[in-house]
Amino acid sequence: MDFPNENLLEYAIKSSHEQSSLLRKIELETFQKIKNPEMVSGSLQGRVLSMLSQLVNPNQIVEVGTFTGFSTLCLAEGLSPKGVIHTIDINEELVDIQNNYFKKSPYEHQIKSYLGDALEIIPKISSKIDLAFIDADKKNYKAYFDLLIDKMNQKGLIISDNTLWSGKVLNPMDADTQAIAEYNQHLAHHPKVQTVLLPFRDGLSLSFVL
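Counting from 906, one number per residue, gives the positions in the sequence shown under my numbering.
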């Protein structure tokens, strides 16, 4: 979903803390070389992810959907000094670009990358989780959440991206939109979280673990 006013978006970006030069390079390369580059979080959402992570100051982060690594590095900005971010993606073609930027970042040794099905990988992560970010295939959002919730520390935070799904949730016709609409209801009524869906970018849901 596009920002309602591109001039306001540009103003918001310029009025926010500037992202690093490394993040700018990832964003540029993503748009130059990668299919569906709009999937990258982008500078403004990246600053939001960074700030949320810094507020939580997590020891353990799980990210479902690495893409080109942009959001991974934004979330890593809030890690505690000995913290780790576990980031999972199923697309082997993206591994080289991810690793290239992870190695150039100050968080190289705090990033654990996993290639494969997150439904199989999440159960193998034994650490309790302070922060999770779900930004992968929409049909499995609920399954990812259900695997993560029992691993979350109290007062942890689960962030879910694309929960407005280009506005289609108002009239869910296709399978992905129906999955997101059902997921939003799952979050709204789940007894272990308190959720707010922010109408920001393509929808960003914040679920505070009770």
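Beta carbons are placed, not taken as given, at the ideal position from N, Cα and C, and that holds for glycine. All figures in this text were calculated on a predicted structure; none of them were measured in a lab.
Which residue marks the beginning of the alpha helix (DSSP H) containing A981, and which one marks its end?
Reading the sequence shown from its first residue, position 76 is the one you call residue 981. Counting along the chain, the alpha helix (DSSP H) containing A981 begins and ends at F975 to A981.
Output the distance between the C-alpha atoms of S1010 and A1084, rounded to the nearest integer angstrom.
Taking the sequence shown and counting its residues from 1, the one referred to as residue 1010 is at position 105. Taking the sequence shown and counting its residues from 1, the one referred to as residue 1084 is at position 179. If I take the Cα positions, the gap works out to 35 angstroms.
Once the 5 residues before and after K1073 are set aside, which same chain residues still bring their CB inside 7 angstroms of it?
Your numbering for residue 1073 matches position 168 in the sequence shown. Once the five neighbours on either side are set aside, the close Cβ partners of K1073 are T1082.
What would DSSP say about D1001, mapped onto helix, strand or coil?
By 1-based counting over the sequence shown, the position of residue 1001 is 96. Correct three-state label for D1001: helix.
Would you report the Cα separation of M1120 and G983, rounded to the nearest angstrom?
The chain is shown only over 906 to 1115; residue 1120 falls outside these bounds and no answer can be derived.
Find out if the Cβ-Cβ distance for the pair R1106, Q924 is shorter than 8 angstroms.
Locating residue 1106 in the sequence shown gives position 201, where the first residue counts as 1. Locating residue 924 in the sequence shown gives position 19, where the first residue counts as 1. No, they are not a contact pair.
Spatial neighbours of H922 within its chain, please: C-beta separation below 7 angstroms, excluding the five flanking residues on both sides.
Working through the sequence shown from its first residue, we reach residue 922 at position 17. Only R952 meet the Cβ criterion.
Exposed or buried, what is V1101 when buried is set at 16 or more other beta-carbons lying within 10 Å of its beta-carbon?
Residue mapping note: residue 1101 aligns to position 196 of the sequence shown, counting from 1. Answer is exposed; the Cβ neighbour count stays below 16.
Selection from E911, L1020 and S1065 that minimises the alpha carbon distance to N996:
Here the question's residue 996 lines up with position 91 in the sequence shown. Closest option to N996, Cα to Cα, is L1020.
Give the straight-line distance between the Cα atoms of L945 and I1027, rounded to the nearest whole angstrom.
Stepping through the sequence shown from its first residue, residue 945 is reached at position 40. Stepping through the sequence shown from its first residue, residue 1027 is reached at position 122. It is worth fixing the name first, because residue 945 is Val in this sequence and not Leu. Cα to Cα, V945 sits roughly 22 angstroms from I1027.
Going by DSSP, name the residue or residues bridged to A1037.
Here the question's residue 1037 lines up with position 132 in the sequence shown. In DSSP, A1037 forms a bridge with V967 and I1063.
Pick out whichever of T992, V961 and G970 has its Cα sitting closest to the Cα of S985.
Position 80 of the sequence shown, counted from the first residue, corresponds to residue 985. Of T992, V961 and G970, the residue nearest in Cα terms is V961.
How should Q1059 be labelled, buried or exposed, when 16 other C-beta atoms within 10 angstroms of its C-beta is the threshold for buried?
The residue you call residue 1059 lines up with position 154 of the sequence shown. When all chains shown are included, Q1059 counts as exposed.
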